[in-house]
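Numbering (my numbering), first residue to last: -6 to 77.
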């Protein structure tokens, strides 16, 4: 089974990666950077939208992606929200 052209064996694989990233963000300290490999651009976009929506009130996530040898990687900078 592939989800919208994503090269995951199952939908469970996609959700497992999202859960892994979510756990890493929750364990991150202020100004920690998490490096994540994505299967393709579509997966990157979908996952990042979900993460930003989930953490928008508690954390500032700065996400930058880049390609190395045909593989898509992203750095996620985790920062605490500043009090208004």
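Backbone N, C-alpha and C define an ideal beta-carbon position, used for all residues, glycine too. In this text, all values refer to a predicted model and were calculated from it rather than measured experimentally.
How big is the Cα-Cα spacing for residue i and residue j?
i, j, result
"residue 70", "residue 6", "24 Å"
"residue 42", "residue 56", "11 Å"
"residue 61", "residue 49", "29 Å"
"residue 19", "residue 54", "12 Å"
"residue 12", "residue 67", "16 Å"
"residue 17", "residue 10", "11 Å"
"residue 51", "residue 25", "15 Å"
"residue 39", "residue 73", "23 Å"
"residue 58", "residue 22", "21 Å"
For residue i, name the three-state secondary structure that DSSP assigns.
i, result
"residue 25", "strand"
"residue 60", "strand"
"residue 18", "helix"
Does the Cβ-Cβ distance between residue i and residue j come in under 8 Å?
i, j, result
"residue 65", "residue 34", "yes"
"residue 14", "residue 29", "yes"
Could you spell out the range, first to last residue, of the alpha helix (DSSP H) harbouring residue i?
i, result
"residue 42", "34 to 48"
What does DSSP give as the partner residue(s) for residue i in the beta ladder?
i, result
"residue 69", "27, 56"
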